[in-house]
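Trainee:
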Amino acid sequence: MCGIVGFVGDEDAVPILINGLRRLEYRGYDSAGVACLADGKLEIRRAAGKLAKLSKAIEDAPLKAMVGIGHTRWATHGRPNEINAHPHVSSGGRLAVVHNGIIENYLKLRDELKAKGVEFKSETDSEVLAHMIEIEMKGSSDLVGAVQRTLKKIDGSYALAVVCLDAPDEVVAARQGSPLVIGLGQGRNFLASDVPAVLEHTRDVVFLDEGEVAVIKRDSYSVTDLQGHPRVKPVTRITWDPQQAEKSGYKHFMLKEIFEQPRVIEDTLRGRMLPAEGDVFLEQISFSDAEVKKFRKIFLIACGTSWHAALVGKFLIEEFAGIPVEVDIGSEFRYRNPLVGDQDLVIGISQSGETADTLAALRTAKSKGARVLAICNVVGSTMTRECEGTLYTHAGPEIGVASTKAFTSQIIGLELMAIYFGRRSGKLNDAQGSQMLENLRGLPRQIEQVLKHEAAVKLIAKKFSARTDFLYLGRGINYPIALEGALKLKEISYIHAEGYPAGEMKHGPIALIDDQMPVVAIAPRSKVYDKILSNIEEAKAREATVIAVVTEGDKDLASKADYLISVPDCDEAVSPILTLIPLQLLAYHIAVLRGCDVDQPRNLAKSVTVE
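Reading the sequence shown from the start, the letters are residues 58 to 668 in this note's numbering.
1. Cutting at 6 Å between CB atoms, please list the residues of its own chain near Leu419, excluding the five before and the five after it.
2. Distance check for His188 and Arg206, CA to CA, integer angstroms please.
3. What number of angstroms, rounded off, separates the C-alpha of Gln408 from the C-alpha of Lys515?
4. Measuring CA to CA, which of Leu248, Leu166 and Phe464 is closest to Lys545?
5. What is the residue span of the beta strand (DSSP E) that Val607 lies within?
6. Straight-line CA distance for Phe372 to Ile476?
7. Pop quiz: Leu357 and Val382 are said to be a contact at Cβ under 8 Å. What is the actual Cβ separation, rounded to whole angstroms?
8. Per the DSSP calculation, Pro575 is bridged to which residue(s)?
9. Which ranges would you report for the beta strand (DSSP E) in the region 434-475 if only whole runs of at least 3 residues count?
10. Taking the Cβ atom as the reference point for each residue, do Leu540 and Tyr529 lie within a distance shorter than 9 Å?
11. Considering only C-alpha positions, which residue in the set Thr447, Leu326, Lys113 and Thr441 is nearest to Ser343?
12. Considering Cα atoms alone, identify which of Ala347, Arg288, Ala367 and Val270 is closest to Gln400.
13. Below 6 Å CB to CB, which residues in the same chain sit around Tyr620 once its five sequence neighbours on both sides are set aside?
14. I think Val91 touches Val71, with their Cβ atoms under 8 Å apart; what is that distance to the nearest whole Å?
15. Which residues does DSSP list as the beta-bridge partners of Tyr557?
16. Could you check how far apart the C-beta atoms of Val606 and Pro633 are, in whole angstroms? I think they sit under 8 Å.
17. The alpha helix (DSSP H) that contains Pro119, what's its start and end?
18. According to the Cβ coordinates, are Leu222 and Arg275 closer than 9 Å?
19. Check whether the region 491-505 and the region 565-579 are in contact - that is, three or more C-beta pairs closer than 8 Å.
20. Just to confirm the assignment, what range does the alpha helix (DSSP H) spanning His365 have?
21. Hey, out of Asn535, Glu505 and Ile549, whose CA is closest to Ser522's CA?
22. Have a look at Gly483 and Val337 and give me their C-alpha separation to the nearest angstrom.
23. Determine whether the beta carbon atoms of Glu314 and Lys462 lie at a separation below 9 Å.
24. So does the region 177-185 actually touch the region 137-148, counting three or more Cβ pairs closer than 8 Å?
25. Does the distance from the C-beta atom of Leu569 to that of Ala580 stay below 9 Å?
26. DSSP has Arg151 in a bridge; who is on the other side?
27. Using only CA atoms, which one of Leu614, Ala513, Val228 and Ala578 lies nearest to Gly542?
28. How is Leu164 classed by DSSP in three states: helix, strand or coil?
29. Beta-carbon within less than 6 Å of Thr325's beta-carbon, same chain only, minus the 5 sequence neighbours each way: which residues are those?
30. Measure the beta-carbon distance from Asn157 to Ala216 and round it to whole angstroms, keeping in mind my assumption that it falls under 8 Å.
31. Is Thr325 helix, strand or coil when you go by DSSP?
32. Consult DSSP for Asp613 and reduce its assignment to one of helix, strand or coil.
33. For Lys98, which residues in the same chain have their Cβ closer than 6 Å to its Cβ, ignoring the five residues on either side in sequence?
34. Please state whether the Cβ-Cβ distance between Ser214 and Ile159 is less than 9 Å.
35. May I have the straight-line CA-CA distance separating Glu68 from Glu269, to the nearest angstrom?
Below you can see the structure in the form of structure tokens.
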């Protein structure tokens, strides 16, 4: 959440900053601003609300410069208004800062600064940085040194960028707990909190690591630690096509990303399947059979949608690898003194690789001696650098805040890991592994069949878009899909929705069922099919309207459910991917009919980089 861009070059920085911020809109924000060094002056433009308001402020007071920084803010400390918008300016008016993260000791620092006569204009924690850096400069032009000295006094997380009239040809940046990336160009260099902001200009990037400080100039950049020791950084070549971040004719990014899922699955599987051996090749993971057999337990750690993927992964790994799996929410794991040690494997799951709670949980696990892996979509992200191995999901940039294709690719990653651990634990033989791979290979074509039912799903959406409550039910490996379906609906349509394991319906939620509450049942053919059938009958007995996701040709449910959405017949282990697609479409079309901002739902951010 929040976005940072920076530019130093030989052309007008303002349109580059605004376009870069626009590429980061998916992260969620409620105000925006830029700071530029122009003709010996520090010029600031800020506005509450969307980027269009900032553009209007710049149009009313034109601005042109070759050095600048920009920010989109998602409020943590202080209300979402222009005063609290970034950039924040120092007391002397010569320095401006943009900041992502949270300064945990800001109240103490604020009191110390007030005692020195500093007057604060905002309610934010970030403003202390501008004043402290100015004091540390002591009238010199050593901006990077002032930033290094200031950050040694900071507790908390930060990604920041600073411009100063006393160092007019550079942007200084630093990170601790929040991502930053440098984009490399010819006669111009860039800074951003995420890769999409610079893809229009370059594919060569440098990812900053924890505790690093960077100086970006027109023709050069340098990186040090907080003590000033130089760091040699690798340059990463980004292979995403910049057009992958565009809508390609779809009305919304979310719809485009739903329809990209067949390709995403193909990309995530490509080069990893060994059908003849019934095994998989995971390029960064190389446990021996003996190591896998020694694992006492596997912990899957994630937040939000990724946690739902982890719940599916528990079914898969326990079924096919025979290793006990514990699923934890990242924000809870490290606060309960988890019983994890050197006989355990911990796998963090995150689209961005920057999710603060998941990262903190992984660090806790590492400190206790556990082996640590990642399932992630972003090359070079913090999680991938801190784990000993990563399974990359190859979903490409996901712009819609509500995750769709990234979630699907995470489940595919977990399917591959289940095969990998199953073969090495001895639970899965080569014939069984080959069959699982064949099931995965057929998924893209089967998803395309499901997507052809979009018009039918849209008709159902029209009938229920005015309802205020939904109940989603699933059993077994499709229980997490009930959770995910409900999450998608409430995220983007603002309708209250609950996902439940269907067997739990009688333990509370059944009290809510009446003729005004639609019940969405995930009911493909499976070993728990008869059980979910009974749960549907119980809902119908309370006058519920039932929307059922069923296996194609199911005649038993045709007479019990009010609306049917069919998915192709498939093995139970891959069924969550197919049953998920109609629920994504249902949530999308209901949100559109309600006039909601599908790609940027209120109060949400794409990458949650603070606790």
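C-beta atoms are modelled at their ideal positions from N, C-alpha and C, and glycine is treated no differently.
Mentor: Looking at the coordinates:
1. Here residue 419 corresponds to residue number 362 of the sequence shown, with the count starting at 1. Once the five neighbours on either side are set aside, the close Cβ partners of Leu419 are Gly405 and Val429.
2. What you label residue 206 is simply residue 149 of the sequence shown in a count that begins at 1. What you label residue 188 is simply residue 131 of the sequence shown in a count that begins at 1. Cα to Cα, Arg206 sits roughly 13 Å from His188.
3. Here residue 408 is taken as the residue at index 351 of the sequence shown, counted from 1. Here residue 515 is taken as the residue at index 458 of the sequence shown, counted from 1. In a straight line, the C-alpha of Gln408 is about 28 Å away from that of Lys515.
4. Translated into the one-based positions of the sequence shown, residue 545 becomes position 488. With distances taken between Cα atoms, Lys545 lies closest to Phe464.
5. Position 550 of the sequence shown holds residue 607. If you look at Val607, you'll find it in the beta strand (DSSP E) that goes Thr602 to Thr608.
6. Your numbering for residue 372 matches position 315 in the sequence shown. Your numbering for residue 476 matches position 419 in the sequence shown. When rounded, the distance between both Cα atoms is 12 Å.
7. For the purposes of this step, residue 357 is identified with residue 300 of the sequence shown, where counting begins at 1. For the purposes of this step, residue 382 is identified with residue 325 of the sequence shown, where counting begins at 1. The pair is a contact, with the Cβ atoms about 6 Å apart (cut-off 8 Å).
8. Your numbering for residue 575 matches position 518 in the sequence shown. The partner list for Pro575 (beta bridge, DSSP) reads Thr602.
9. DSSP assignment within the region 434-475 yields the following whole beta strand (DSSP E) runs of 3 residues or more, N-terminal first: 446-449.
10. Along the sequence shown, one-based indexing puts residue 540 at 483. Along the sequence shown, one-based indexing puts residue 529 at 472. Result yes, Cβ atoms of Leu540 and Tyr529 sit closer than 9 Å.
11. In the sequence shown, counting from the first residue as 1, residue 343 sits at position 286. When each option's Cα is compared against that of Ser343, the closest is Thr447.
12. What you label residue 400 is simply residue 343 of the sequence shown in a count that begins at 1. When each option's Cα is compared against that of Gln400, the closest is Ala347.
13. As a first step, residue 620 must be located in the sequence shown, where it is residue number 563. The residues are Ile517 and Ile604.
14. As a first step, residue 91 is located in the sequence shown; it is residue number 34 there, counting from the start. As a first step, residue 71 is located in the sequence shown; it is residue number 14 there, counting from the start. That pair is a contact at about 7 Å.
15. The sequence position of residue 557 within the sequence shown is 500, counting from 1. In DSSP, Tyr557 forms a bridge with Leu530.
16. Within the sequence shown, numbered from 1, the residue matching residue 606 stands at position 549. Within the sequence shown, numbered from 1, the residue matching residue 633 stands at position 576. At roughly 11 Å, the Cβ-Cβ gap does not stay under 8 Å, so Val606 and Pro633 are not in contact.
17. Against the sequence shown, residue 119 aligns to sequence position 62. Note, Pro119: premise wrong, no alpha helix (DSSP H); not H, not E.
18. Sequence index remark: in the sequence shown, residue 222 carries index 165 (1-based). Sequence index remark: in the sequence shown, residue 275 carries index 218 (1-based). It is not a contact, given that the beta carbons lie outside the stated cut-off.
19. Short answer: they don't touch.
20. Sequence index remark: in the sequence shown, residue 365 carries index 308 (1-based). Note, His365: alpha helix (DSSP H), Thr362 to Ala378.
21. Working through the sequence shown from its first residue, we reach residue 522 at position 465. Distance from the Cα of Ser522 is smallest, within the candidate group Asn535, Glu505 and Ile549, for Ile549.
22. Counting from 1 along the sequence shown, the entry for residue 483 is found at position 426. Counting from 1 along the sequence shown, the entry for residue 337 is found at position 280. Distance between the alpha carbons of Gly483 and Val337: 14 Å.
23. The sequence position of residue 314 within the sequence shown is 257, counting from 1. The sequence position of residue 462 within the sequence shown is 405, counting from 1. It is a contact, given that the beta carbons lie within the stated cut-off.
24. Counting Cβ pairs under 8 Å, three or more are found: they touch.
25. Taking the first residue of the sequence shown as 1, we reach residue 569 at position 512. Taking the first residue of the sequence shown as 1, we reach residue 580 at position 523. Not a contact, by the Cβ cut-off of 9 Å.
26. Taking the sequence shown and counting its residues from 1, the one referred to as residue 151 is at position 94. Looking at the DSSP assignment, Arg151 forms no beta bridge with any residue, so it has no partner.
27. Position 485 of the sequence shown, counted from the start, is the residue given in the question as residue 542. Of the listed residues, the one whose Cα sits closest to Gly542 is Ala578.
28. To locate residue 164, count along the sequence shown from 1; it is residue 107. Helix at Leu164.
29. In the sequence shown, counting from the first residue as 1, residue 325 sits at position 268. Counting only Cβ-Cβ distances below 6 Å, and skipping sequence neighbours, we find Thr450, His451, Ser466 and Ile469.
30. Sequence index remark: in the sequence shown, residue 157 carries index 100 (1-based). Sequence index remark: in the sequence shown, residue 216 carries index 159 (1-based). Rounded, the Cβ-Cβ distance is 4 Å, consistent with contact.
31. Counted from its first residue, the sequence shown places residue 325 at position 268. Looking at Thr325 - three-state DSSP - the assignment turns out to be helix.
32. Along the sequence shown, read from residue 1 onward, the residue named residue 613 stands at position 556. Residue state, collapsed to three classes: coil.
33. As a first step, residue 98 must be located in the sequence shown, where it is residue number 41. So no residue of the chain qualifies.
34. Your numbering for residue 214 matches position 157 in the sequence shown. Your numbering for residue 159 matches position 102 in the sequence shown. Contact annotation: Ser214 and Ile159 have beta-carbon atoms nearer than 9 Å.
35. Working through the sequence shown from its first residue, we reach residue 68 at position 11. Working through the sequence shown from its first residue, we reach residue 269 at position 212. For the pair Glu68 and Glu269, the Cα-to-Cα distance works out to about 28 Å.
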